[in-house]
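Working notes for the structure below.
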Amino acid sequence: MRELVVISGKGGTGKTSILASFAVLAGQAVLADCDVDAADLHLVLTPTVRRREVFRSGNEAVIRPELCRGCGKCAELCRFAAVLRDFEDPRGDGSSRYRVDATACEGCGVCVRHCPHGAIEFPERVCGEWFVSGTRCGPLVHARLHPAAENSGKLVAAVRQEARRLAESEGFDRVLVDGPPGIGCPVISSVTGASAVLAVSEPTVSGEHDLSRVLELCRHFDIPAAVCVNKWDLNPQMTRRIEGKAAAGGAGVLGRIPYDRAVTAAQLEARAVVELGGPAAAAIRAVWERFKETGE
Amino acid sequence: MTVAVASGKGGTGKTTVAVNLALSLEEPVELLDCDVEEPNAHLFLQPRWISTRTVSVPVPQVDERLCTACGACGSACRFHAIVSLKTQPLVFPELCHGCGACVLACPAGAIREVPREVGVVERGRRGEIRFVHGRLKVGEAMSGPLIRAVRSEAGQSPITLIDAPPGTSCPVVAAVRGSDFVLLVTEPTPFGLNDLRLAVEMVRTLGLPFGVVINRSDIGNDAVRRYCASEAVPLLIEIPEDRRVAEAYSRGQAAVTVLPQLRAVFRELYDRLLSVVCSPGQRPVPAGRS
Numbered sequence: 046m047r048e049l050v051v052i053s054g055k056g057g058t059g060k061t062s063i064l065a066s067f068a069v070l071a072g073q074a075v076l077a078d079c080d081v082d083a084a085d086l087h088l089v090l091t092p093t094v095r096r097r098e099v100f101r102s103g104n105e106a107v108i109r110p111e112l113c114r115g116c117g118k119c120a121e122l123c124r125f126a127a128v129l130r131d132f133e134d135p136r137g138d139g140s141s142r143y144r145v146d147a148t149a150c151e152g153c154g155v156c157v158r159h160c161p162h163g164a165i166e167f168p169e170r171v172c173g174e175w176f177v178s179g180t181r182c183g184p185l186v187h188a189r190l191h192p193a194a195e196n197s198g199k200l201v202a203a204v205r206q207e208a209r210r211l212a213e214s215e216g217f218d219r220v221l222v223d224g225p226p227g228i229g230c231p232v233i234s235s236v237t238g239a240s241a242v243l244a245v246s247e248p249t250v251s252g253e254h255d256l257s258r259v260l261e262l263c264r265h266f267d268i269p270a271a272v273c274v275n276k277w278d279l280n281p282q283m284t285r286r287i288e289g290k291a292a293a294g295g296a297g298v299l300g301r302i303p304y305d306r307a308v309t310a311a312q313l314e315a316r317a318v319v320e321l322g323g324p325a326a327a328a329i330r331a332v333w334e335r336f337k338e339t340g341e
Numbered sequence: 002m003t004v005a006v007a008s009g010k011g012g013t014g015k016t017t018v019a020v021n022l023a024l025s026l027e028e029p030v031e032l033l034d035c036d037v038e039e040p041n042a043h044l045f046l047q048p049r050w051i052s053t054r055t056v057s058v059p060v061p062q063v064d065e066r067l068c069t070a071c072g073a074c075g076s077a078c079r080f081h082a083i084v085s086l087k088t089q090p091l092v093f094p095e096l097c098h099g100c101g102a103c104v105l106a107c108p109a110g111a112i113r114e115v116p117r118e119v120g121v122v123e124r125g126r127r128g129e130i131r132f133v134h135g136r137l138k139v140g141e142a143m144s145g146p147l148i149r150a151v152r153s154e155a156g157q158s159p160i161t162l163i164d165a166p167p168g169t170s171c172p173v174v175a176a177v178r179g180s181d182f183v184l185l186v187t188e189p190t191p192f193g194l195n196d197l198r199l200a201v202e203m204v205r206t207l208g209l210p211f212g213v214v215i216n217r218s219d220i221g222n223d224a225v226r227r228y229c230a231s232e233a234v235p236l237l238i239e240i241p242e243d244r245r246v247a248e249a250y251s252r253g254q255a256a257v258t259v260l261p262q263l264r265a266v267f268r269e270l271y272d273r274l275l276s277v278v279c280s281p282g283q284r285p286v287p288a289g290r291s
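So the protein lines, in turn, are chains S and Y.
With the working numbering, the residue at position 218 of the first sequence is 263, and numbering never jumps.
With the working numbering, the residue at position 126 of the second sequence is 127, and numbering never jumps.
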């Protein structure tokens with residue numbers, strides 16, 4: 046079973062449009078949307094949700110106002126500025142002097158362990174949910190991180206694990222992963238151990254800059270990487286420069302996709318670009334033919 | 002006045018808005034690029050670099066002569082960054098959040114903290130604009146401490162602009178927390194709308210005033226405008242697609258340097274966001290600030 050991941054470094058280069066087309070071209074595969082805090086693949090693949098699971102990860106500190114004596118130990122020890130002091134004793138009975146900002150709490154438990162009055166609870170944290178759905182291209186595992194939540198990397202790991210399990214139990218030989226932008230925690234979680242990565246770039250100074258960092262990440266984790274330049278005709282000279290640098294860094298150069306209004310048109314119709322046709326669709330088809338063999 | 006520029010979806014034009022706003026305002030401005038995974042603003046601002054500092058997180062170091070292998074550090078750590086099964090503990094620095102739980106838990110005083118570098122903060126200047134960004138080490142998972150380090154550089158100009166990373170999770174929260182206003186940049190497509198909804202939920206969770214910029218406003222459809230109207234979200238400005246702007250962007254030139262008449266558009270954007278900040282109905286009490 047092979048796991049192929051599409052990432053980009055820079056956001057908005059066309060990852061999801063390309064991955065949705067790959068899903069159609071692959072015929073049948075297990076699909077995984079690992080861009081868990083801004084997932085979009087479902088907008089093209091219009092899934093029917095079959096299973097829904099709550100994603101719990103880590104814990105969060107909650108101060109019980111009736112037990113808090115206002116000593117301030119928690120605020121003193123918290124390194125994430127997550128303990129806030131409320132107005133000075135508004136009711137005159139010493140209640141509710143401190144509270145925890147859930148969006149700042151790292152879940153380290155230092156305040157919980159060191160509160161002299163045992164006033165801080167530490168419930169498990171619900172960070173989002175994940176789904177297994179049916180689509181016209183095969184099963185889709187996708188997720189939704191709660192807004193402003195933590196642990197996106199762990200949710201990505203859960204999505205990938207379920208996608209691999211499904212592929213094995215249902216006899217699929219491919220998992221196609223739509224990755225998040227950037228190079229941090231959720232990206233690392235999306236690519237580690239994958240069979241191959243396709244980095245989608247665009248012919249701009251920021252596309253070039255971000256691609257170099259994302260390819261460095263792939264080398265760091267020793268994952269075979271390939272590159273394609275989307276909207277290449279926006280700046281042909283920059284396209285050549287990006288391809289040259291990628292090849293010099295050991296990445297396969299799989300092709301160029303032209304700027305094509307059909308890409309937005311397909312999105313508006315909730316279809317993959319290759320289901321609509323046009324110059325971009327033909328180019329994506331050519332990239333897929335090469336990418337599906339990468340890293341074998 | 003701190004204005005953060007954010008978006009759920011990547012590639013909608015956050016950096017374009019932040020950089021061109023900085024270049025268009027007449028007041029002294031500082032621009033902080035908090036997209037430390039993929040910082041891009043410097044490519045368009047082209048600042049003269051002035052100084053660099055490394056940013057570290059504290060990680061435990063165990064003095065084996067003092068350690069009694071009691072295991073207290075391992076049971077205190079919520080991140081499996083220090084593991085002790087009644088043995089000398091093993092430290093996994095890349096998992097460490099730097100919370101200090103192990104140091105506090107060790108009864109023998111055998112743990113001290115040493116710095117582990119996660120990236121650099123670089124400072125520069127372009128004319129009257131003060132510029133700061135962070136650059137995360139490649140392979141480093143945690144961006145939060147570096148983003149907070151970039152944020153801590155704010156406060157030397159009357160106006161602070163923050164270029165946030167894409168998404169709606171913890172790195173974005175670290176970048177936009179404490180802002181006076183969040184500009185959400187989107188595009189009028191189904192992906193743009195879906196990710197805008199998520200970003201709106203995020204800023205509402207944080208209790209921050211916000212408004213929307215529609216970039217490439219003539220592609221796609223009308224759904225983002227209808228959403229803004231139905232949710233009473235202030236739609237501040239629409240920027241039509243322009244091949245000249247896209248080509249200038251590809252070469253690393255800011256839009257206002259090739260089309261100076263756009264400065265008026267960005268100044269207008271700033272005036273409109275100020276009017277939202279100053280209207281009491283749009284100012285929720287920030288939940289996350291004391």
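From the three backbone atoms N, C-alpha and C, an ideal C-beta is built for every residue, glycine too.
Keep in mind that this is a model prediction, so the values were computed, not measured.
{"Check": "Go to P184(S), then tell me how far its alpha helix (DSSP H) extends in each direction, as first and last residue.", "Outcome": "Per DSSP, P184(S) belongs to no alpha helix (DSSP H); it is in the beta strand (DSSP E), G183 to L190."}
{"Check": "One question on the structure: do C103(Y) and I112(Y) come within less than 7 Å of each other, judged by their Cβ atoms?", "Outcome": "yes"}
{"Check": "Does the beta carbon of Y228(Y) sit closer than 7 Å to a beta carbon anywhere in chain S?", "Outcome": "no"}
{"Check": "For E314(S), which of helix, strand or coil comes out of DSSP?", "Outcome": "coil"}
{"Check": "Three-state secondary structure (DSSP) at D34(Y)?", "Outcome": "strand"}
{"Check": "What does the alpha-carbon distance come out to for the pair H365(S) and V119(Y)?", "Outcome": "Given a span of 46 to 341 for chain S in the structure shown, any question on residue 365(S) remains unanswerable."}
{"Check": "With a threshold of 7 Å between beta carbons, is G156(Y) in contact with chain S?", "Outcome": "no"}
{"Check": "Taking only beta carbons into account, state which residues of the region 112 to 134 of chain Y come closer than 8 Å to chain S, listed in chain order.", "Outcome": "none"}
{"Check": "On the three-state DSSP scale, how would you describe C171(Y)?", "Outcome": "helix"}
{"Check": "Give the residues of chain Y in contact with Q312(S), contact being defined as C-beta atoms less than 7 Å apart.", "Outcome": "T190, P191 and F192"}
{"Check": "Counting Cβ pairs, one atom from each stretch, are 3 or more of them under 8 Å apart for the region 121 to 133 of chain Y and the region 23 to 37 of chain Y?", "Outcome": "yes"}
{"Check": "I'd like to check one pair, L162(Y) with A19(Y): are the Cβ atoms closer than 7 Å?", "Outcome": "yes"}
{"Check": "Assign C273(S) to one of three DSSP states: helix, strand, or coil.", "Outcome": "strand"}
{"Check": "Check M46(S) in the structure and name its three-state DSSP category.", "Outcome": "coil"}
{"Check": "Please confirm whether V94(S) and S197(S) have their CB atoms less than 7 Å apart.", "Outcome": "no"}
{"Check": "Would you give the residue range spanned by the beta strand (DSSP E) that N222(Y) belongs to?", "Outcome": "First-last for N222(Y): undefined, no H or E at that position."}
{"Check": "Can you give me, in chain order, the residues of the region 254 to 288 of chain S that have a beta carbon less than 7 Å from any beta carbon in chain Y?", "Outcome": "H254, D255, R258, E261, L262, H265, L279, N280 and M283"}
{"Check": "Can you give the Cα-Cα distance for L243(S) and S53(S), rounded to whole angstroms?", "Outcome": "8 Å"}
{"Check": "From what residue to what residue does the alpha helix (DSSP H) around G252(S) run?", "Outcome": "V250 to H265"}
{"Check": "Got a sec: is the Cβ-Cβ distance from L44(Y) to anything in chain S below 7 Å?", "Outcome": "yes"}
{"Check": "Can at least three beta-carbon pairs, one atom from the region 237 to 253 of chain S and one from the region 274 to 284 of chain S, be found at a separation below 8 Å?", "Outcome": "yes"}
{"Check": "Which residues, in order along the region 244 to 275 of chain Y, keep a beta-carbon less than 8 Å from a beta-carbon of chain S?", "Outcome": "A247, E248, Y250, S251, R252 and G253"}
{"Check": "Does any residue of chain Y bring its CB to less than 7 Å from the CB of I233(S)?", "Outcome": "yes"}
{"Check": "Compute the Euclidean distance between the alpha carbons of V177(Y) and P48(Y), then round it to the nearest angstrom.", "Outcome": "23 Å"}
{"Check": "Could you tell me the alpha carbon to alpha carbon distance between S153(Y) and V122(Y), rounded to whole angstroms?", "Outcome": "11 Å"}
{"Check": "Give the list of continuous alpha helix (DSSP H) stretches no shorter than 4 residues that lie fully inside the region 129 to 203 of chain Y.", "Outcome": "145 to 152 and 171 to 177"}
{"Check": "So which of F125(S), L70(S), E174(S) and R47(S) has the shortest CA-CA distance to V1(Y)?", "Outcome": "With chain Y covering only 2 through 291, there is no way to say anything about residue 1(Y)."}
{"Check": "Would you call P285(Y) buried or exposed, if buried means 16 or more other Cβ atoms sit within 10 Å of its Cβ?", "Outcome": "At P285(Y), the pLDDT of 43 sits below 50, so the modelled position is not reliable and the matter cannot be decided from this model."}
{"Check": "Applying the 10 Å Cβ sphere with the 16-neighbour rule, what's the burial state of T58(S)?", "Outcome": "buried"}
{"Check": "For chain S, check one thing: does any of its Cβ atoms lie closer than 7 Å to the Cβ of T187(Y)?", "Outcome": "no"}
{"Check": "By alpha-carbon positions, which one of H162(S), P226(S) and V186(S) ends up nearest to C75(S)?", "Outcome": "The sequence given here places Val at residue 75(S); Cys does not occur at that position. Of H162(S), P226(S) and V186(S), the residue nearest in Cα terms is V186(S)."}
{"Check": "Given this structure, state the Cα-to-Cα distance separating P167(Y) from D36(Y), to the nearest angstrom.", "Outcome": "8 Å"}
{"Check": "Can you tell me the Cα-Cα spacing of A327(S) and V319(S), whole angstroms?", "Outcome": "7 Å"}
{"Check": "Within 7 Å of any Cβ in chain S, is that where the Cβ of D181(Y) sits?", "Outcome": "no"}
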